[in-house]
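Visitor: Chain order of the listed sequences is R and B. The numbers in this note's numbering rise by one with no breaks, and the one at position 29 of the first sequence is 29. Plus 1000 on top of the position in the second sequence (first one is 1) and you've got this note's numbering. This is the structure, below, for whatever I ask next.
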Amino acid sequence: MRILRVRPARLSLHAFLILTSLVWLVPVVWALYTALRPYADTAKHGYVSVGGSYGVKNFTDAWSQADMMHFFVNTIVITIPALLITLAFASMAAFVIARFRWRYNVALLVLFTAGNLLPQQAIITPLFRIYTNVKLPNWLSDSGELYDSTLGLILIHVAFQTGFCVFVMSNYMKTIPIEISEAAVVDGASVFRQYWQLTLPLCRPVLAALATLEFTWIYNDFYWATALISTGDKRPITAALANLQGEFFTNNNLVAAGSLLVAVPTLIVFFALQRHFIAGLTLGSSKG
Amino acid sequence: MSKKKRGNLRLLTGPDKAVLTAMAGIPALLTTALIWVPALGSIVLSFSKWNGIGGFDQIQWIGGKNYYNVTHGYPPFTPAWHHNLIWFAVFVLIPAPLGLYLATQLDKRIAGSRLYQNIFFLPVVLSLALVGFMVELIYAPEQGLINNLTGHTKPGNLVDWIGDPHLNLFAVLTLAVWRQTGYVMILWLAGLKAVDPALREAAALDGASEWQTFRRVVQPALRPVTIVVTVITVVETLRAFDIVYVVNRGKNGLELLSTLITDNIVGEAIRVGFGSALASILLVVSLLVIVPYLVVTFRKED
């Protein structure tokens, strides 16, 4: 084992980081603590108290009462296609922008990036009109239109999120040496092969980073889900949490358990992909 | 430098050009149809009076009257943009520098760096439903964590963190900062990883102090990320909506431009034209920040 040289500066740094981490964890730990207690106990002793029983009953109750399985499936059906299409579209557009010099590069980047940065509220009224006026066959949408359909929700996520991904990916692709493509051009590789076989494999870190972030954003979306889906049954899990809130009385412990359950998939994805996370986000790196 | 090196379109064959056009064109078309057309629509509607339910023939065109009414006859407007400004100031003063400080420390290959990083990033992956709910658990007057820890639970000395319009903005901002810091920290950290370690070693060999190295070597290298963080700070300020909306729908001290828009276009009295005027103001402010940034960033390279 290496002998660590402990300097006072390092020690105080760790003290600071540990303290800040503890403060950072307070809200989550507090929600977890509340979720582990039966409502009867917190009603009797107050929320800020110790005692009574602890258990996972709130979690199992929330799972069955909110019909979480059903809504998790809804979320998966929305999030996975939206994520894949977003990454596919963004990597293609970024490839064109980063690899080829043409007149519309800056315009395209503004179109994508600024589109993602616009506040959602600023476009919702006309968007709603478009959605109710686009008619679809029944096999695509059981409501017969883009509004109140899973497809509509997927499309708005793709349109909105592609911008951010184009921005990050085009920055990343510019750090890949151009010589790689040049050699391929000399060999007569088509544009699509340059993209699919040469550029994309090198983009694995940035794809992992974006997959993490985008999964979180699409998964946690609440705004589009409530504005563009009117049938409660079709909504994703975030909007379904409302099922746990009673009309006159809300069991906070139950809601805490439910909201923590909802957070589990994002945590899993984050921990699974975090190794690539920082490397992939590197914006305009100079050391590669 | 990229001028000569990047692919030149004129050298491409016909099929290749078609593929390229489709690769950029299809995503661009979707974004245009679902983002930019509605955005333009909002601007057009801001000159109208419309209840949003009837057909387009019921739209009355009233010129700039909505804008006059927003600024002269709509009491929540002033507090709302004040709150947006406060939100921005807080985001500039706390998450941005704190995120940078944490990132600089975590970049030093210290023990447990990964763990700290995960903890600080944790709030970013949590859903708004959970964060909004935490507001309740932490700030509720009688049952909340803070009042219980500080002994403010008696009727005489209750602190109503959410109900008091002088306090609630800062109570909510605390949790907003909690989320934003982790987000910004990751961006800074990504930027720091891109700083050439050889430069830092050279500075250290020359006897530069940690602060001097940071100012002279690290900071200039961080300039691109600094711009990204600045833009994201502005954008997150203008987009701020979720937490406030979950807490009390943006009333009583928590008004923001975004909640006013929602009030007017989906609220009890639907005033699409008026709401669109508010939306257009938000839109223009956003674009004023975003477009110059993008143009400057990309002109420089081309």
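Using N, Cα and C, we set each Cβ at its ideal position, and we do this for glycine too.
(1) At 3 residues or longer, what runs of the beta strand (DSSP E) sit wholly inside the segment 1 to 53 of chain R?
(2) Could you check where the alpha helix (DSSP H) with B:Glu-1142 kicks off and where it finishes?
(3) For chain R, is any of its Cβ atoms less than 8 Å away from the one on B:Gln-1058?
(4) May I have the straight-line CA-CA distance separating R:Val-269 from R:Thr-231, to the nearest angstrom?
(5) Quick check: is the beta carbon of B:Asp-1242 nearer than 8 Å to any beta carbon in chain C?
(6) Over what stretch of residues does the alpha helix (DSSP H) that includes B:Phe-1088 continue unbroken?
(7) Can you tell which of R:Leu-213, R:Trp-224, R:Arg-235, R:Ser-190 has the C-alpha that lies nearest to the C-alpha of B:Thr-1013?
(8) Taking the alpha helix (DSSP H) that B:Tyr-1116 falls in, what are its first and last residues?
(9) Could you name the residues of the same chain whose beta carbon sits closer than 6 Å to that of R:Tyr-33, not counting the 5 residues immediately before and after it, in chain order?
(10) So which residues on chain R does B:Ile-1053 lean against when the C-beta distance must stay under 7 Å?
(11) Inspect the beta-carbon positions of B:Ala-1024 and R:Leu-281 and report whether they are closer than 8 Å.
(12) When we look at the beta-carbon of B:Glu-1201 and count the other beta-carbons within 10 Å, is it buried (16 or more) or exposed?
(13) Once the 5 residues before and after B:His-1152 are set aside, which same chain residues still bring their CB inside 7 Å of it?
(14) So, is the C-beta of B:Tyr-1116 closer than 8 Å to a C-beta in chain R?
(15) List the residues of chain B whose Cβ lies closer than 9 Å to the Cβ of R:Tyr-39, in chain order.
(16) Is any heavy atom of the ligand NAD found at a distance shorter than 7 Å from the C-beta of R:Met-173?
(17) Three or more C-beta pairs under 8 Å: does that hold for the segment 85 to 105 of chain R against the segment 140 to 151 of chain R?
(18) If we cut at 8 Å on Cβ distances, does B:Leu-1045 have a partner in chain R?
(19) For the segment 216 to 247 of chain R, which residues have a beta carbon sitting closer than 8 Å to at least one beta carbon of chain B?
(20) Is B:Ala-1089 close to chain R, meaning its C-beta is less than 8 Å from at least one C-beta of that chain?
(21) Under a CB-based cut-off of 8 Å, is B:Arg-1239 close to chain R?
(22) Nearest by alpha-carbon distance to R:Trp-196: which of R:Arg-7, R:Ala-211, R:Ala-88 is it?
(23) The segment 130 to 163 of chain R: which residues have C-beta closer than 8 Å to a C-beta of chain B, in chain order?
(24) Rounded to the nearest angstrom, how far is the Cβ of B:Asn-1147 from that of B:Gly-1253, given a contact under 8 Å?
(25) Can you grab the Cα-Cα spacing for the pair R:Lys-57 / B:Arg-1249, in whole Å?
(26) Chain B beta carbons: is any one of them nearer than 8 Å to that of R:Ala-266?
(27) Based on DSSP bridge pairs, tell me the residues matched to B:Phe-1170.
(28) Please list, in chain order, the chain R residues whose beta carbon lies closer than 8 Å to that of B:Leu-1100.
(29) State yes or no: is the beta carbon of R:Val-186 nearer than 8 Å to at least one beta carbon in chain B?
(30) Does R:Arg-101 come out as helix, strand or coil in the three-state DSSP assignment?
(31) Going along the chain, which residues of its own chain have a beta-carbon closer than 8 Å to the beta-carbon of R:Leu-241, five neighbours each way excluded?
(32) In whole angstroms, what is the alpha-carbon distance linking B:Val-1106 and B:Leu-1187?
(33) Assess contact between the segment 1165 to 1185 of chain B and the segment 1079 to 1091 of chain B, defined as three or more Cβ pairs (one per stretch) separated by less than 8 Å. Is contact present?
(34) Would you check if the segment 1040 to 1048 of chain B and the segment 1270 to 1281 of chain B touch, i.e. whether three or more CB-CB distances between them fall below 8 Å?
(35) Have a look at R:Pro-8, R:Thr-79, R:Ile-237 and flag the residue whose alpha-carbon is nearest the alpha-carbon of R:Ile-156.
(36) Considering Cα atoms alone, identify which of B:Ser-1046, B:Thr-1226, B:Glu-1255, B:Ile-1035 is closest to B:Arg-1271.
Guide: With the structure as the only source:
(1) none
(2) Numbered from its first residue, the second sequence carries residue 1142 of chain B at position 142. From DSSP, B:Glu-1142 is part of no alpha helix (DSSP H); its letter is neither H nor E.
(3) On the second sequence, residue 1058 of chain B is found 58 positions in, with the first residue counted as 1. No, B:Gln-1058 lies away from the interface with chain R (no Cβ there is under 8 Å from its Cβ).
(4) Here the question's residue 269 of chain R lines up with position 269 in the first sequence. Here the question's residue 231 of chain R lines up with position 231 in the first sequence. Their Cα atoms are separated by approximately 28 Å.
(5) You won't find chain C in this structure, because its protein chains are R and B.
(6) Here the question's residue 1088 of chain B lines up with position 88 in the second sequence. First-last of the alpha helix (DSSP H) with B:Phe-1088: 1077 to 1093.
(7) The sequence position of residue 1013 of chain B within the second sequence is 13, counting from 1. Checking every option, the nearest Cα to that of B:Thr-1013 belongs to R:Ser-190.
(8) Mapped onto the second sequence, residue 1116 of chain B falls at position 116. Segment 1113 to 1125, the alpha helix (DSSP H) holding B:Tyr-1116.
(9) Along the first sequence, read from residue 1 onward, the residue named residue 33 of chain R stands at position 33. Closer than 6 Å at the Cβ level, and outside the excluded window around R:Tyr-33, lies no residue.
(10) The sequence position of residue 1053 of chain B within the second sequence is 53, counting from 1. None at all; the shortest Cβ gap to chain R is about 11 Å.
(11) Reading the second sequence from its first residue, position 24 is the one you call residue 1024 of chain B. Reading the first sequence from its first residue, position 281 is the one you call residue 281 of chain R. Not closer than 8 Å, so no.
(12) Within the second sequence, residue 1201 of chain B is the residue found at index 201, counting from 1. Classification for B:Glu-1201: exposed.
(13) Position 152 of the second sequence, counted from the first residue, corresponds to residue 1152 of chain B. Closer than 7 Å at the Cβ level, and outside the excluded window around B:His-1152, lie Leu-1158, Val-1159.
(14) Taking the second sequence and counting its residues from 1, the one referred to as residue 1116 of chain B is at position 116. B:Tyr-1116 counts as touching chain R.
(15) Here residue 39 of chain R is taken as the residue at index 39 of the first sequence, counted from 1. Neighbours of R:Tyr-39 on chain B: none; closest Cβ ~12 Å, over 9 Å.
(16) This structure simply doesn't include the ligand NAD, nor any ligand for that matter.
(17) no
(18) Here the question's residue 1045 of chain B lines up with position 45 in the second sequence. For B:Leu-1045, the answer is yes, since a Cβ of chain R falls inside 8 Å of its Cβ.
(19) Thr-216, Tyr-219, Asn-220, Phe-222, Tyr-223, Ala-227, Thr-238, Leu-241
(20) Within the second sequence, residue 1089 of chain B is the residue found at index 89, counting from 1. Answer no: the Cβ-Cβ gap between B:Ala-1089 and chain R never drops below 8 Å.
(21) Along the second sequence, one-based indexing puts residue 1239 of chain B at 239. With 8 Å as the cut-off, B:Arg-1239 counts as an interface residue toward chain R.
(22) The residue you call residue 196 of chain R lines up with position 196 of the first sequence. The residue with the shortest Cα to Cα distance from R:Trp-196 is R:Ala-88.
(23) Ile-130, Leu-155, Ile-156, Val-158, Ala-159, Phe-160, Thr-162, Gly-163
(24) For the purposes of this step, residue 1147 of chain B is identified with residue 147 of the second sequence, where counting begins at 1. For the purposes of this step, residue 1253 of chain B is identified with residue 253 of the second sequence, where counting begins at 1. About 18 Å separates the two Cβ atoms, so there is no contact after all.
(25) On the first sequence, position 57 is the one that residue 57 of chain R refers to. On the second sequence, position 249 is the one that residue 1249 of chain B refers to. When rounded, the distance between both Cα atoms is 31 Å.
(26) The residue you call residue 266 of chain R lines up with position 266 of the first sequence. Per the sequence shown, residue 266 of chain R should be read as Thr rather than Ala. Answer yes: the Cβ-Cβ gap between R:Thr-266 and chain B drops below 8 Å somewhere.
(27) Along the second sequence, read from residue 1 onward, the residue named residue 1170 of chain B stands at position 170. According to DSSP, B:Phe-1170 bridges with nothing at all.
(28) Translated into the one-based positions of the second sequence, residue 1100 of chain B becomes position 100. Residues of chain R passing the Cβ test: none, with the nearest at roughly 14 Å.
(29) Along the first sequence, one-based indexing puts residue 186 of chain R at 186. For R:Val-186, the answer is no, since every Cβ of chain B falls outside 8 Å of its Cβ.
(30) Start at 1 with the first residue of the first sequence, and residue 101 of chain R comes out as number 101. Note: R:Arg-101 maps to strand in three-state DSSP.
(31) Position 241 of the first sequence, counted from the start, is the residue given in the question as residue 241 of chain R. For R:Leu-241, where only same-chain residues beyond five positions count, the Cβ hits under 8 Å are Ala-66, Val-255, Gly-258, Ser-259, Val-262.
(32) In the second sequence, the residue the question calls residue 1106 of chain B occupies position 106. In the second sequence, the residue the question calls residue 1187 of chain B occupies position 187. Note on identity: in this sequence residue 1106 of chain B is Leu, with Val being the wrong assignment. The straight-line gap from Cα to Cα measures roughly 13 Å.
(33) yes
(34) yes
(35) On the first sequence, residue 156 of chain R is found 156 positions in, with the first residue counted as 1. It is R:Thr-79.
(36) Here residue 1271 of chain B refers to the residue found at position 271 when the second sequence is read from its first residue. It is B:Ser-1046.
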